[in-house]
Amino acid sequence: MISNSKLSNHTESLSLNDAQLDRFAEVGNYLADAAGEVIRKYFRKKFEILDKEDLSPVTIADQAAEESMVSIILENFPSHAIYGEENGWRCKENSADYVWVLDPIDGTKSFITGKPVFGTLIALLHKSRPILGIIDQPVLLYGCDCYAYALLASGYVDLVIESGLRPYDFLALVPVIEGAGGVITDWKGQQLDWKASSGSRATSFNVVAAGDKQIHRQALDVLQWR
1 MISNSKLSNH
11 TESLSLNDAQ
21 LDRFAEVGNY
31 LADAAGEVIR
41 KYFRKKFEIL
51 DKEDLSPVTI
61 ADQAAEESMV
71 SIILENFPSH
81 AIYGEENGWR
91 CKENSADYVW
101 VLDPIDGTKS
111 FITGKPVFGT
121 LIALLHKSRP
131 ILGIIDQPVL
141 LYGCDCYAYA
151 LLASGYVDLV
161 IESGLRPYDF
171 LALVPVIEGA
181 GGVITDWKGQ
191 QLDWKASSGS
201 RATSFNVVAA
211 GDKQIHRQAL
221 DVLQWR
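Shown next, in the form of structure tokens:
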């Protein structure tokens with residue numbers, strides 16, 4: 001298991017102290033460890049594959065990994081809301097200031113076919129803004145669907161452009177990219193926020209991430225031209 005976690009540079013403006021941020025990061029890493037332990041038990045094993053409403057596949061590993069993370073969050077932060085890819089909202093308060101957004105297996109198709117090119121994405125929002133992001137690779141050797149962003153944050157690639165991403169696909173990436181000195185926005189250059197509530201739907205977003213502002217600006221110019 002390898003995990004890359006970052007706290008957003010924007011946390012200073014959100015009145016959060018270092019102790020709070022450290023605690024969030026600590027629990028976030030616990031979540032990644034718990035999900036990874038579940039995922040590794042099922043990797044390259046026989047299991048049932050179901051179809052979700054959008055016909056995308058889901059496995060018992062996705063569901064069990066998400067549940068393992070949910071239980072840890074509720075134990076440590078019972079007032080926080082949770083939005084998971086597999087089971088949607090877990091929330092006592094519709095307008096919770098803190099919302100955890102979970103994608104237990106980003107790259108389920110790769111997981112099903114036994115390719116270790118998937119990962120776990122964990123984000124924490126504070127008043128709609130992603131303040132913590134974790135990209136975790138529970139099975140090492142190659143990478144994951146979110147691997148391109150981890151490469152960008154590590155300085156190995158300069159640009160990643162994707163369309164049709166759901167909040168659980170990209171929110172964890174925002175603090176990671178920004179914490180590494182990069183830029184990540186939508187295709188219009190707008191900040192990637194998600195105003196989360198129990199009535200929110202996981203609408204799609206177009207995302208562009210770059211290693212520096214100049215490359216990001218050039219990419220936006222090309223995207224606007226199209």
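The sequence shown begins at 1 in full-length UniProt numbering and counts up by one. Beta carbons: idealized from backbone N, C-alpha and C, even for Gly. In this text, all values refer to a predicted model and were calculated from it rather than measured experimentally.
When rounded, the separation of the alpha-carbon atoms in Ile-161 and Asn-206 is 8 angstroms.
The beta carbon of Gly-155 lies closer than 8 angstroms to those of Ala-180, Gly-211 in the same chain, with the five residues before and after it left out.
By the Cβ criterion, the region 108-115 is not in contact with the region 15-25, since fewer than three pairs of Cβ atoms, one from each stretch, lie closer than 8 angstroms. Assigned with DSSP and collapsed to three states, Arg-23 falls in helix. Counting C-beta atoms within 10 angstroms of its own C-beta, Glu-26 has fewer than 16 neighbours from the protein chains shown and is therefore classed as exposed. Taking a contact to require three or more Cβ pairs closer than 8 angstroms, the region 60-71 and the region 81-92 qualify as touching.
Approximately 19 angstroms separates the beta-carbon atoms of Tyr-147 and Val-183; this is outside 8 angstroms, ruling out the contact.
Counting only runs of 4 or more residues that sit fully inside the region 95-141, the alpha helix (DSSP H) segments are 108-112, in chain order. Between Leu-102 and Ile-122, the CB-CB gap stays under 8 angstroms.
In the DSSP annotation of this structure, the continuous segment of the alpha helix (DSSP H) that includes Trp-225 starts and ends at 213-225. By the Cβ test, the region 187-204 is in contact with the region 126-135, since at least three Cβ pairs between them sit closer than 8 angstroms.
Rounded to whole angstroms, the separation of the alpha carbons of Ala-64 and Val-38 is 7 angstroms.
Taking all protein chains in view, the Cβ of Thr-59 is crowded by 16 or more other Cβ atoms within 10 Å, so the residue is classified as buried. Distance between Pro-138 and Ala-34, taken at the CA atoms: about 10 angstroms. Taking the Cβ atoms as the reference, Gly-189 lies roughly 14 angstroms from Leu-159, outside the contact range of under 8 angstroms.
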